[in-house]
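Contents: one structure, followed by commentary.
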Amino acid sequence: MKKSVFILFAFIVCLTICSCKKTNNDAVAYGTSKNYSDIASTPPSTGGTFSFTKITLTPNPVKIGIASKLYATATGNNLTYKWTTSHGDLFGNGAAIYYSDSCIGTYTITCVVSDGVHSATITIPITVSN
Amino acid sequence: MRYIVLLLSYLFYSVTVFAQCTSGCCAPGTANFGVLEKGDLLLFSFFKRDYSDKYYSGDKPVAFSYLNNDFSDYSGLSLSYGITDKFTMQASFGYYINKIENFNIPVIGQQQLVGSGFSDMELYAKYNIFHSKNDVLSLTLSGGVKLPTGPYKLGVDNVELTRDVQPGTGAYSGMFTFYAMLKPFKNKKKSIMFNSRTDYNGVNPQGYQYGVTNTNTLSSAFKLYKDISFIAMVRNENKDCDKVNGVGLFSSCSSRVFVTPGVGVYLGHDLNFSIYGDFPVYQYYSGIQLAAKYAFSVAVTKVFELHKKPLPTSPFN
Numbered sequence: 406m407k408k409s410v411f412i413l414f415a416f417i418v419c420l421t422i423c424s425c426k427k428t429n430n431d432a433v434a435y436g437t438s439k440n441y442s443d444i445a446s447t448p449p450s451t452g453g454t455f456s457f458t459k460i461t462l463t464p465n466p467v468k469i470g471i472a473s474k475l476y477a478t479a480t481g482n483n484l485t486y487k488w489t490t491s492h493g494d495l496f497g498n499g500a501a502i503y504y505s506d507s508c509i510g511t512y513t514i515t516c517v518v519s520d521g522v523h524s525a526t527i528t529i530p531i532t533v534s535n
Numbered sequence: 024m025r026y027i028v029l030l031l032s033y034l035f036y037s038v039t040v041f042a043q044c045t046s047g048c049c050a051p052g053t054a055n056f057g058v059l060e061k062g063d064l065l066l067f068s069f070f071k072r073d074y075s076d077k078y079y080s081g082d083k084p085v086a087f088s089y090l091n092n093d094f095s096d097y098s099g100l101s102l103s104y105g106i107t108d109k110f111t112m113q114a115s116f117g118y119y120i121n122k123i124e125n126f127n128i129p130v131i132g133q134q135q136l137v138g139s140g141f142s143d144m145e146l147y148a149k150y151n152i153f154h155s156k157n158d159v160l161s162l163t164l165s166g167g168v169k170l171p172t173g174p175y176k177l178g179v180d181n182v183e184l185t186r187d188v189q190p191g192t193g194a195y196s197g198m199f200t201f202y203a204m205l206k207p208f209k210n211k212k213k214s215i216m217f218n219s220r221t222d223y224n225g226v227n228p229q230g231y232q233y234g235v236t237n238t239n240t241l242s243s244a245f246k247l248y249k250d251i252s253f254i255a256m257v258r259n260e261n262k263d264c265d266k267v268n269g270v271g272l273f274s275s276c277s278s279r280v281f282v283t284p285g286v287g288v289y290l291g292h293d294l295n296f297s298i299y300g301d302f303p304v305y306q307y308y309s310g311i312q313l314a315a316k317y318a319f320s321v322a323v324t325k326v327f328e329l330h331k332k333p334l335p336t337s338p339f340n
C-alpha cells in the first residue's frame, strides 16, 4: 500500500514539473497566466465628458489568414479599451489592435471604452472571406 | 474483473482540444470500464499532450499559413465509485497546464497566444444493463453532464483570448455512452471493449455552440511479458459543425480515425501505469482546418477497495 501511495505521489510531482511553460522566443506572447483576468461583461453605454465614436477596420472585409487593423476612435482621459469578438483572434491591446481569422464567416467585434466614470460600447459586424 | 478496469481505463480523447477552424472541442475525458464492483473507488490520473501543425482540406493536407502549430498539455483526474455492483458514479476534473497557439500571420508576423486553467467538470452515472451468467458479455449505459466550471472568456490587457486557448467552453453539455465488453475466449482473460459516446453541447453565453460529437472506440489488451501488456485501440470521431449565434461554421466539421497503441504495467496493489500514443490514420475536414498530428499520454490507475474483498492477483495470472 505504501508503495502505491508513493508511486501516485511521484506521478503528481511529475505532473507539477511538467507545468513549466514552454514559450516561443521569436514570438510575441500574449496571455501568460499571471496576466489573466476575466473580460468584464459589457457595461451600459453612457454619455458624458468623453466620446467613443467609431471602430475602423482596415482592410475590410477581412481576408482569411490576413491581419486587419482595428482602431477605436475615442477621446477622454485615462481611457481603457476592452476588446472581444464572437470568433477569431485578437492581437495587441489599447486603441489599435489586430484581428485575424482562418475561418470564413460573419462575426462581430465589440469594443468597450471607459474612462473610469463613463463608458461606451460599439459592436461592428465583420466578414471574413477568401 | 478488476485487472481489466486497470488496464483499459483509458483516455477518451474527446475530439481534441482546438476549436477555431480546427475540429476540436473539449477537454479529454475518460471512458474506463463500465461499472465497478460495489465499494470500489477508481482513481484515474493522467497527463496528455496534443500537437497539431498541418492544415487539411477534405482528406488531404493543404499549404495554408496561419498557425505554425498549436499544442496543449492537460492533466486530469477521474474518480469513480461503485455504489452497487451495477451502478457507478464518476466525476472528472482537469487542468490545462497550457494551451498554446503559435501564429505566423502576414503583416503582424509571429504571435503567440497562451491560455491555462481548469477545464469543465464532468459527472456521470453508469448502469450495467446486462451481464451474462457466463461472464461473456456485459453491457453498460451511462449518461452525464458537463458543467461549465472552467473559464471561457479569459483575456489579457483587456483583450479577450481566442476561443482555442480558453480552458472552458462556458456551456452545459450532455453525454450518453454505450459500453460493451465481450470475452469471447473460454479462459476469459481476453476482453474486447466497445465504447460509443455522444456529446450534445449547449450554447455558451457568447452564442458559441460546439457541434455534436460521436466517438466510437474498440479496444483490447494482450499480455507482452509478465505484468506488461500491450493495449490496442481504434477510434472513430465524428463531429458536426459548430455554430456562432445559430449560424453554422462550415470549417468545423470532421471525421477522423485514430489508432492508439499503449503499454500498461501492473505494479501490484491494484495500481497500473500506462503510456499511450495517439495517431490519426484518416482525417476528413470540411473547409480548411488544422488537423491532428499526434498526442501522447501517461496515466496512473488505482483501485481502492473500500469494502474488504479477497486480494486481487496479477493480471493474466
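Protein sequences, first through last, are from chains H and E. Letter by letter, the first sequence follows residues 406 to 535 in the numbering used here. Letter by letter, the second sequence follows residues 24 to 340 in the numbering used here. Note that beta-carbon positions come from the ideal geometry of N, C-alpha and C, so glycine has one too.
If I measure Cβ to Cβ from residue i and keep anything under 6 Å in the same chain, skipping five residues before and after, which residues do I get?
i, result
"residue 239/E", "219 and 259"
"residue 125/E", "91, 92 and 135"
"residue 281/E", "258, 301 and 303"
"residue 352/H", "Look at the range of chain H in this structure, 406 to 535, and you will see that residue 352/H is not part of it."
"residue 161/E", "154 and 204"
"residue 68/E", "100 and 323"
"residue 169/E", "143, 145 and 196"
"residue 327/E", "64"
Give the DSSP-derived three-state secondary structure of residue i in the structure shown.
i, result
"residue 304/E", "strand"
"residue 222/E", "strand"
"residue 243/E", "strand"
"residue 522/H", "coil"
"residue 324/E", "strand"
"residue 443/H", "Caution is warranted here: a pLDDT of 39 is assigned to residue 443/H, below 50, making its placement in the model unreliable, and the coordinate value is therefore given only provisionally. Note: residue 443/H maps to strand in three-state DSSP."
"residue 432/H", "Any reading at residue 432/H must be qualified, since the residue scores a pLDDT of 44, below 50, and its modelled position is unreliable; the value itself is stated next. Coil at residue 432/H, not helix or strand."
"residue 235/E", "coil"
"residue 85/E", "strand"
"residue 130/E", "coil"
"residue 273/E", "helix"
"residue 158/E", "coil"
"residue 282/E", "strand"
"residue 143/E", "coil"
"residue 93/E", "strand"
"residue 187/E", "helix"
"residue 113/E", "strand"
"residue 498/H", "coil"
"residue 449/H", "Since pLDDT at residue 449/H reaches only 46, below the 50 mark, its modelled position is unreliable, and the value read off the structure follows with that caveat. Coil."
"residue 530/H", "strand"
"residue 135/E", "strand"
According to the neighbour-count rule (16 or more other Cβ atoms, all chains shown, within 10 Å of its Cβ), is residue i buried or exposed?
i, result
"residue 496/H", "buried"
"residue 224/E", "buried"
"residue 430/H", "Bear in mind that the predicted position of residue 430/H carries a pLDDT of just 36, short of 50, making it too unreliable to give a figure here."
"residue 137/E", "buried"
"residue 132/E", "exposed"
"residue 478/H", "exposed"
"residue 166/E", "exposed"
"residue 502/H", "buried"
"residue 267/E", "buried"
"residue 194/E", "buried"
"residue 247/E", "exposed"
"residue 295/E", "buried"
"residue 525/H", "buried"
"residue 152/E", "exposed"
"residue 208/E", "exposed"
"residue 15/E", "The displayed coordinates of chain E run from 24 to 340. Any statement about residue 15/E would go beyond what the structure contains."
"residue 321/E", "buried"
If residue i sits next to residue j, beta carbons under 8 Å apart, how far is it from one beta carbon to the other, in whole angstroms?
i, j, result
"residue 329/E", "residue 82/E", "Contact flag wrong, Cβ pair sits at about 49 Å."
"residue 149/E", "residue 113/E", "7 Å"
"residue 288/E", "residue 253/E", "That pair is no contact at about 11 Å."
"residue 59/E", "residue 103/E", "6 Å"
"residue 187/E", "residue 234/E", "The Cβ separation is near 15 Å, so there is no contact."
"residue 471/H", "residue 129/E", "5 Å"
Can you name, in chain order, every residue of its own chain whose Cβ lies under 7 Å from the Cβ of residue i, other than the five neighbours on each side?
i, result
"residue 269/E", "none"
"residue 520/H", "455, 481, 482, 483 and 484"
"residue 349/E", "One cannot answer for residue 349/E here, as it falls past the ends of chain E, which runs 24 to 340."
"residue 474/H", "463, 501 and 503"
"residue 491/H", "512 and 513"
"residue 226/E", "194 and 232"
Take residue i and list the residues in its own chain whose beta-carbon comes closer than 8 Å to its own, dropping the five residues that flank it on each side.
i, result
"residue 178/E", "184"
"residue 191/E", "140, 141, 142, 143, 171, 172, 173, 174 and 175"
"residue 534/H", "466, 467, 468, 469 and 509"
"residue 316/E", "74, 75, 76, 77 and 303"
"residue 85/E", "78, 79 and 311"
Does the distance between the C-beta of residue i and the nearest non-hydrogen atom of the ligand FAD fall short of 7 Å?
i, result
"residue 155/E", "No copy of the ligand FAD occurs in the structure displayed, which carries no ligand at all."
Counting only beta-carbon atoms, is residue i nearer than 8 Å to chain B?
i, result
"residue 328/E", "In the structure shown, chain B does not exist; the protein chains are H and E."
*Does the stretch 273-280 of chain E touch the stretch 240-251 of chain E, meaning 3 or more C-beta pairs lie closer than 8 Å?*
no
*Touching or not, the stretch 514-531 of chain H and the stretch 192-202 of chain E, by the rule of three or more beta carbon pairs under 8 Å?*
Taking 8 Å as the limit for Cβ pairs, the verdict is that the stretch 192-202 of chain E does not touch the stretch 514-531 of chain H.
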